[in-house]
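Numbers in the working numbering are just positions in the sequence shown, counted from 1, shifted up by 924.
Beta carbons are placed, not taken as given, at the ideal position from N, Cα and C, and that holds for glycine.
On a predicted model such as this, the values are computed, not experimentally measured, just so you know.
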Amino acid sequence: MYRNCEKVYISGIICIEISKNYTYQFTWMAAMTIKTQFDRDTPWNDIPLLPPIADIESRHILKACISAMSQLARTNALVKTLPNESVLVHTLPLQEARRSSEIENIVTTNDELYRAMTSDDNQASPHTKEVLRYREALWEGMYAMHDRQVINISLFEQICSRIREIKTDVRRHEVKIQNTLTKEIIYSPPSGYDNIIKFLTNLEQFINDDNGLQPLVKMAVMHYQFEAIHPFADGNGRTGRILKILYLIHQDLLDLPILYLSRYFIQNRSEYYRFLREVTEEGKWEQWILYVLAAVEQTSRETADMIEGINTLIGNFAEQAHGKTRAVAREGFVDLLFKWPYCKINIVERELECSRITATKYLNEIAELGLLERQKIGREYYYINRNLMDLLSNV
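Given below as structure tokens:
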């Protein structure tokens, strides 16, 4: 959808920068510049309404859709093999939050993220706090969607407001997407509040109507359309990526928000922007939809591998601790060490409803066996499930 677009980085209300990385920018500008038939300086107020008139369920698309749906169903079923689903609920959505935010040049580390998740203080970096807000927006959006039973404009605004930590409504002013090196305007989303609402209402109807399209195809189309409309002053990319996950849950293709699509988008970033742009400039939907289907299939497979890896780690953990400490016999103790990769004494107290003395004893016994890494950070001790952290870092 973005012309001459490489790496989108949302920097402010009026102008949206493409990249702060000049090396990427130089390379991609040379490889990806395509002359456009549109006036980039003029708001695109005639975005085609949905559904597209093009054939968006071609033979190639339907074949890829079957493969992606099959892998997604397998992954969703594997979740139930875990002793406790909360293990995934506390880990994978945070990975999606980190990668989705990374697309916007909001970068943090796994260690800082999981440490911040267990802390009550305000010491986390600004980037880490932004990623945690993304995670909060994902969960808030999911609960709101369940209550409303629809995905609508109000939900869009609620998600974006949580991401930005300020009340965010559909924009009333014009925005431009700008190349940071040349300051060239490369895309002008639609302008005018009533006009934007018209496009969003059409998108809302497309999402919620039963129009017979394959759900994964609809997800790809809604992703593009939301990006093209660009309804907010900031936070559009992250809001759109959350909406994709919520749509899969809404369609009963996922029970929990565990799909990790942003990793695929980062790994295949140049194709991401090229295929979006080709939809805008040439009406080529097929390559974009195939790209999204490939993302679903690959990330579903990777998520399945992670679930199996976590199951193996839990089994090995229990086996190595068996007979050496009574802690593992306590119901829920092993699960919470995988639910909280950075665990603290007060977490064990709260979740096991035990005394601080007992919680400390359990954690120290496991640490002495080498199954947890005990580390003092500031005034607090953290008990780190390093094997789990390594697995999360490799996925």
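Where residue i falls: helix, strand or coil (DSSP)
i        : result
Cys-1278 : coil
Ala-955  : Low local confidence applies: a pLDDT of 29 at Ala-955 is under 50, so the model's placement there is unreliable, and no value is given.
Tyr-1184 : coil
Arg-1096 : coil
Glu-1226 : helix
Gln-1073 : coil
Gln-1102 : strand
Trp-1063 : helix
Arg-1088 : helix
His-1014 : coil
Ala-1251 : helix
Gln-1019 : helix
Asn-1119 : helix
Gln-949  : Caution is warranted here: a pLDDT of 33 is assigned to Gln-949, below 50, making its placement in the model unreliable, and the coordinate value is therefore given only provisionally. Here Gln-949 sits in helix by DSSP.
Gln-1047 : coil
Thr-960  : Because Thr-960 carries a pLDDT of 39, less than 50, the predicted location of this residue cannot be relied on, and the following value inherits that uncertainty. Residue state, collapsed to three classes: coil.
His-1246 : coil
Glu-1210 : helix
Ala-978  : coil
Thr-966  : coil
Pro-1139 : helix
Met-1313 : helix
Glu-1009 : coil
Ile-971  : coil
Asn-1318 : coil
Leu-1079 : helix
Leu-1287 : helix
Gly-1239 : helix
Gly-1233 : helix
8 angstroms Cβ shell around residue i - same chain, five flanking residues per side excluded
i        : result
Thr-1125 : Ile-1077
Asn-1270 : Arg-1280, Ala-1283
Leu-1296 : Leu-1261, Cys-1267, Leu-1287, Ile-1290, Tyr-1307, Ile-1308, Asn-1309, Arg-1310
Val-1003 : Glu-1009, Leu-1012, Asp-1179, Leu-1180, Ile-1182, Ile-1231
Asn-969  : Pro-1114, Ser-1115, Gly-1116, Asn-1119
Delimiting residues of the alpha helix (DSSP H) encompassing residue i
i        : result
Lys-1263 : 1257–1263
Ile-1169 : 1160–1174
His-893  : The chain is shown only over 925 to 1319; residue 893 falls outside these bounds and no answer can be derived.
His-984  : 983–1002
Asp-1133 : Segment: none, Asp-1133 is in no alpha helix (DSSP H) and carries neither H nor E.
Glu-1363 : Nothing in the structure corresponds to residue 1363, since the chain is present only between 925 and 1319.
Asp-1035 : 1034–1042
Delimiting residues of the beta strand (DSSP E) encompassing residue i
i        : result
Lys-1300 : 1297–1301
Glu-1304 : 1304–1308
Ile-1110 : 1109–1111
Residue i beta carbon near the ligand SAH (any heavy atom closer than 7 angstroms)
i        : result
Tyr-1117 : As presented, the structure is devoid of all ligands, the ligand SAH included, so that no description of it is given.
Neighbourhood of residue i by C-beta, 6 angstroms cutoff - its chain only, sequence neighbours within 5 removed
i        : result
Asn-1008 : Asp-1259
Asn-1132 : Val-1074
Ala-1219 : Leu-1185, Tyr-1188
Glu-1064 : Arg-1086
Ala-1144 : Ile-1213, Val-1216
Met-953  : The predicted position of Met-953 is uncertain, since its pLDDT is 29 and thus under 50; a value taken from the coordinates is nonetheless stated next. Contacts found: none.
Leu-874  : What is shown of the chain runs 925 to 1319, which leaves residue 874 out entirely.
Neighbour flag for residue i against chain C, beta carbons, 8 angstroms
i        : result
Leu-1217 : Absent from the structure is chain C; it holds one protein chain and no more.
Nonlocal neighbours in the same chain, by C-beta distance under 7 angstroms from residue i, ignoring five residues either side
i        : result
Cys-1084 : Thr-1092, Phe-1156, Gly-1159, Thr-1163
His-984  : Glu-1210, Leu-1214
Tyr-1324 : This structure cannot speak to residue 1324, because the chain is shown only from 925 to 1319.
Tyr-1148 : Met-925, Leu-1200, Val-1203, Trp-1212
Val-1141 : Ile-980, Glu-981, Ile-985, Cys-989, Ile-1213
Phe-1123 : Ile-971, Pro-1114, Ile-1153
Counterpart residues of residue i in DSSP-defined beta bridges
i        : result
Tyr-1266 : Ile-1308
Quiz item: Any chance the stretch 1178–1195 sits against the stretch 1220–1236, with 3 or more Cβ pairs inside 8 angstroms?
Solution: Yes, the stretch 1178–1195 is in contact with the stretch 1220–1236.
Exercise. Count the CB pairs spanning the stretch 1083–1090 and the stretch 1111–1124 that are closer than 8 angstroms, and state whether there are at least three.
Key: The stretch 1111–1124 and the stretch 1083–1090 do not touch, with fewer than three beta-carbon pairs separated by less than 8 angstroms.
Practice problem: Take every Cβ of the stretch 1256–1276, pair it with every Cβ of the stretch 1035–1049, and state whether three or more of those distances are shorter than 8 angstroms. | Solution: Contact between the stretch 1256–1276 and the stretch 1035–1049 is present: three or more C-beta pairs spanning the two stretches fall below 8 angstroms.
Quiz item: Are there three or more Cβ pairs, one per stretch, closer than 8 angstroms when the stretch 1303–1316 is compared with the stretch 1230–1242?
Solution: Segments in contact, yes.
Quiz item: Between the stretch 964–984 and the stretch 1190–1198, are three or more C-beta pairs nearer than 8 angstroms?
Solution: In short, these stretches do not touch, since the Cβ pair count stays below three.
Self-check item: Three-pair Cβ contact test at 8 angstroms for the stretch 1168–1184 versus the stretch 985–1005
Solution: Taking a cut-off of 8 angstroms on C-beta distances, the stretch 1168–1184 touches the stretch 985–1005, as three or more cross pairs fall below it.
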